[in-house]
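Chemist:
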Amino acid sequence: DHIFQMQDLYFYYPDGTPALQGVSCNIARNKKIALLGANGAGKSTFLLHLIGILQPARGNIRFNGLPLQYDRDSLIRLRSKVGYVFQDPDSQLFSASVWQEVSFGPMNLGLPKQIVANRVADALQATGTFHLKDKPTHFLSFGQKKLISIADILAMQPEMIIFDEPTAFLDPRYTRRILDLLDNLNQQGISIIMATHDVDKAYQWADTVFVMKEGRLVKIGSPAEIFSDD
Ligand code: ADP
Ligand code: ADP
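Residue numbers (UniProt numbering): 3 to 232.
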């Protein structure tokens with residue numbers, strides 16, 4: 003059972019940089035996947051294709067068996083099911099208060115008020131940030147902002163969450179907290195993929211490792227397989 007199927011993707015930035023060069027893979031549902039690769043390997047470019055922010059120059063992408071479509075309504079639907087947590091929470095948070103911030107997504111789906119309120123409360127509880135609900139977002143610490151940016155996504159009740167370097171710039175305590183949270187979410191049936199260049203983290207946290215190099219997906223396997231043969 004695959005949540006995404008990607009076939010022979012090529013992507014070039016406007017300046018001509020080839021960032022994906024023939025990427026093919028199936029992403030199995032309900033996994034904890036670490037997307038490993040050096041800076042510039044193409045991890046972010048790959049992940050941005052999953053939510054249709056970038057479109058391949060060639061190749062195709064299926065989500066739950068259907069080809070991705072790039073009209074506004076299709077993208078809104080896709081992004082309610084596949085959440086993207088950016089490395090820098092400041093690029094994601096824009097509402098005045100935490101409660102408003104986390105309500106924004108489900109409200110935009112047109113859900114009834116009470117349902118929105120329940121989702122927001124659940125998302126804040128899941129991330130351990132309920133006590134911050136009335137705080138202005140810009141007064142939060144970096145770690146708190148990170149948790150709120152995850153709550154944002156959880157309130158959409160996604161099938162999959164994509165994380166770009168989720169523990170970058172976090173101290174060991176917050177790092178542990180975020181990785182435990184990702185484990186909990188995965189146990190609740192959410193597929194998780196995280197980009198990282200941290201080999202140790204990939205080894206310890208993931209059940210599946212994808213390795214990218216120079217725009218190509220060069221290996222897929224369990225951590226034991228990936229880290230035994232080189
Ligand atoms: P198998 O042949 O048993 O699927 P593999 O050697 O292909 O095992 O993969 C090893 C591990 O990586 C398994 O846990 C498998 O579920 C996982 N895995 C392999 N390919 C993918 C994929 N495309 N998406 C997610 N997980 C995968
Ligand atoms: P990673 O996430 O693994 O660090 P990226 O996907 O960000 O890699 O980058 C892949 C390649 O595309 C690199 O060569 C990078 O320099 C280039 N690249 C990334 N963003 C842009 C951009 N906006 N314009 C031009 N080149 C880019």
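Even for Gly, the Cβ is constructed at its ideal location relative to N, Cα and C. These numbers were taken from a predicted model, which means no experiment stands behind them.
Does the separation of the CB atoms of GLU161 and LYS34 fall below 7 Å?
Modeler: Numbered from its first residue, the sequence shown carries residue 161 at position 159. Numbered from its first residue, the sequence shown carries residue 34 at position 32. Not in contact: GLU161 and LYS34 (Cβ atoms no closer than 7 Å).
Chemist: Would you say the beta carbon of LYS45 comes nearer than 6 Å to a heavy atom of ligand 2?
Modeler: Walking along the sequence shown from the start, residue 45 turns up at place 43. The answer is yes for LYS45.
Chemist: From VAL25, LEU11, PRO69, MET158, pick the residue whose C-alpha is nearest to that of ILE5; which is it?
Modeler: As a position in the sequence shown, residue 5 is number 3, starting the count at 1. For the residues VAL25, LEU11, PRO69, MET158, the minimum Cα distance to ILE5 belongs to PRO69.
Chemist: Taking Cβ positions, are ALA21 and GLY217 nearer each other than 7 Å?
Modeler: Reading the sequence shown from its first residue, position 19 is the one you call residue 21. Reading the sequence shown from its first residue, position 215 is the one you call residue 217. Yes, the Cβ-Cβ distance between ALA21 and GLY217 is below 7 Å.
Chemist: Kindly list the residues whose CB is nearer than 6 Å to the CB of THR210, restricted to its own chain and excluding five residues on each side of it in sequence; keep chain order.
Modeler: Along the sequence shown, one-based indexing puts residue 210 at 208. Same-chain partners within the cutoff: LYS33, ILE35.
Chemist: State the beta-bridge partners of GLY85 as determined by DSSP.
Modeler: As a working mapping, residue 85 is identified with position 83 in the sequence shown. Paired residues: ILE163.
Chemist: Determine the DSSP secondary structure at MET158, reduced to helix, strand or coil.
Modeler: Position 156 of the sequence shown, counted from the first residue, corresponds to residue 158. Coil.
Chemist: Jot down the residue ranges of each uninterrupted beta strand (DSSP E) in the region 43-100, minimum 3 residues, whole runs only, in chain order.
Modeler: Complete beta strand (DSSP E) runs here, min 3: 60-65, 84-87.
Chemist: Report all residues from its chain with a CB closer than 8 Å to the CB of ASN186; omit the five preceding and five following residues, and keep chain order.
Modeler: Here residue 186 is taken as the residue at index 184 of the sequence shown, counted from 1. Hits under 8 Å: ALA128.
Chemist: Can you list, in chain order, the stretches of the beta strand (DSSP E) that have 3 or more residues and sit fully within the region 136-207?
Modeler: You should have 162-166, 193-198.
Chemist: Taking the C-alpha atoms as reference points, what is the distance between ILE195 and ARG178?
Modeler: Stepping through the sequence shown from its first residue, residue 195 is reached at position 193. Stepping through the sequence shown from its first residue, residue 178 is reached at position 176. Near 17 Å, if we compare the C-alpha coordinates of ARG178 and ILE195.
Chemist: Using a Cβ-Cβ cut-off of 7 Å (strictly less than) and excluding sequence neighbours within five positions of ASN62, which residues of its own chain qualify?
Modeler: Position 60 of the sequence shown, counted from the start, is the residue given in the question as residue 62. Excluding sequence neighbours, ASN62 sits near GLN9, PRO69.
Chemist: Apart from the five residues just before and just after LEU56, which ones in its own chain have a Cβ nearer than 8 Å to its Cβ?
Modeler: Residue numbering aside, residue 56 sits at position 54 when the sequence shown is read from its first letter. Taken in chain order, the residues that qualify are PHE13, THR47, LEU50.
Chemist: Whose C-beta lies closer than 7 Å to the C-beta of PHE171 among residues of the same chain, with five residues either side of it excluded?
Modeler: Within the sequence shown, residue 171 is the residue found at index 169, counting from 1. Correct list, in chain order: PHE144.
Chemist: Can we count TYR15 as close to ligand 2, meaning its CB is less than 6 Å from some heavy atom?
Modeler: Taking the sequence shown and counting its residues from 1, the one referred to as residue 15 is at position 13. Yes, since a heavy atom of ligand 2 falls inside the 6 Å radius drawn around the Cβ of TYR15.
Chemist: Tell me whether the region 98-108 and the region 116-123 touch, counting them as touching only if at least three CB pairs, one residue from each stretch, are closer than 8 Å.
Modeler: The region 98-108 is in contact with the region 116-123.
Chemist: Please report how far the alpha carbon of ARG81 lies from the alpha carbon of LEU111, in whole angstroms.
Modeler: Along the sequence shown, one-based indexing puts residue 81 at 79. Along the sequence shown, one-based indexing puts residue 111 at 109. Computed Cα separation, rounded: 11 Å.
Chemist: In its own chain, which residues sit with a C-beta less than 6 Å from the C-beta of VAL118, not counting the 5 before and 5 after it?
Modeler: Counting from 1 along the sequence shown, the entry for residue 118 is found at position 116. Result list for VAL118: SER105, PRO108, MET109, in chain order.
Chemist: I believe LYS135 touches LEU149 by the beta-carbon criterion, under 8 Å. Please report the beta-carbon distance rounded to the nearest angstrom.
Modeler: Residue numbering aside, residue 135 sits at position 133 when the sequence shown is read from its first letter. Residue numbering aside, residue 149 sits at position 147 when the sequence shown is read from its first letter. No, LYS135 and LEU149 are not in contact; Cβ-Cβ is about 12 Å, not under 8 Å.
Chemist: Out of ASP90, PRO91, LEU95, LEU52, point me to the one whose CA is closest to LEU77's CA.
Modeler: What you label residue 77 is simply residue 75 of the sequence shown in a count that begins at 1. It is LEU52 whose Cα lies nearest to the Cα of LEU77.
Chemist: Could you tell me how far apart the beta carbons of LEU37 and MET214 are, in whole angstroms, since I believe they sit closer than 8 Å?
Modeler: Within the sequence shown, numbered from 1, the residue matching residue 37 stands at position 35. Within the sequence shown, numbered from 1, the residue matching residue 214 stands at position 212. Confirmed, about 7 Å.
Chemist: Could you check where the alpha helix (DSSP H) with ALA123 kicks off and where it finishes?
Modeler: Counting from 1 along the sequence shown, the entry for residue 123 is found at position 121. Taken as a continuous stretch (DSSP letters only), the alpha helix (DSSP H) holding ALA123 covers 115-128.
Chemist: Using the three-state DSSP reduction, which class does residue 1 fall into: helix, strand or coil?
Modeler: This structure cannot speak to residue 1, because the chain is shown only from 3 to 232.
Chemist: THR131 bridges to which residues according to DSSP?
Modeler: Mapped onto the sequence shown, residue 131 falls at position 129. None; THR131 has no bridge partner.
Chemist: Quick check on the burial criterion: 16 or more other C-beta atoms within 10 angstroms. Buried or exposed for GLU227?
Modeler: Along the sequence shown, read from residue 1 onward, the residue named residue 227 stands at position 225. It is exposed - the Cβ of GLU227 has fewer than 16 other Cβ atoms within 10 Å.
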